[in-house]
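Quick note, in the working numbering, the sequence shown goes up one by one and the last residue is 1013.
First comes the structure, then the notes that go with it.
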Amino acid sequence: MDNWRKSSYSGPDDGNACVEIANSDHHVAVRDTKAPVRATLTFPTGAFAAFLDGVKNDYSTVTDLAKFRG
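Structure follows, in structure tokens:
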């Protein structure tokens, strides 16, 4: 996937402490902006919403999720 984009919640003070997503017709991929060549999580399109609901319970923003990943 080459259409990576940062979260709209990322601001100028976040630097690279955020996640990026890319989507295709059948998958959504998530990666850490600080380490884009490392592991990427890939979800079937329908499962991505469930993933977001799961992390929302523990992390208030996408930046919090990126900090969790280290």
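Think of the CB as a built atom: it goes at the ideal place given N, C-alpha and C, for glycine as much as any other residue.
Check: Looking only at C-alpha atoms, which of 970, 979, 974 and 963 sits nearest to residue 989?; Outcome: 970
Check: Which residues does DSSP list as the beta-bridge partners of residue 965?; Outcome: 972
Check: Among 968, 977 and 987, which residue has its Cα nearest to the Cα of residue 949?; Outcome: 977
Check: Helix, strand or coil: which one does DSSP assign to residue 988?; Outcome: helix
Check: Tell me the rounded alpha-carbon separation between residue 946 and residue 966.; Outcome: 7 Å
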